[in-house]
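Following: one structure in structure tokens, then a few remarks.
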Amino acid sequence: MSSSHRLGVLILLFSLIGFILYTYLLLLSSYDILVLKLTLLFFVAAIVGVIAWMGYTMATAVSLEGTEGEKKDM
2 MSSSHRLGVL ILLFSLIGFI LYTYLLLLSS YDILVLKLTL LFFVAAIVGV
52 IAWMGYTMAT AVSLEGTEGE KKDM
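Once you know that position 53 of the sequence shown is 54 in our numbering, the rest is easy, because the numbers rise by one and skip nothing.
Listed below in structure tokens is the structure:
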């Protein structure tokens, strides 16, 4: 088995273990509300982070003078 196949198997196993742990914490433990709050916080942070990254990229991009998108009226 090549190293990429072993890595794929490890990723698969860790994702299954993570899903089982998340399901247990969400459905069978007393931490269900905390797990929901942390999950929501993670997703909101990810979305806002992507939006902030897009804004930063647009704000710091070097603009080229004379491109076709910026035609000036004469």
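Using N, Cα and C, we set each Cβ at its ideal position, and we do this for glycine too.
Quantities reported herein were computed from a predicted structural model and do not represent experimental measurements.
Check                                                                                                                                                                              : Outcome
Going by DSSP, what residue range makes up the alpha helix (DSSP H) through residue 45?                                                                                            : 33 to 61
Rounded to whole angstroms, what is the Cα-Cα separation between residue 42 and residue 20?                                                                                        : 18 Å
Output the distance between the C-alpha atoms of residue 34 and residue 4, rounded to the nearest integer angstrom.                                                                : 40 Å
Leaving aside the five residues before and after residue 47 along the sequence, list all residues of the same chain whose C-beta is less than 7 Å from its C-beta, in chain order. : none
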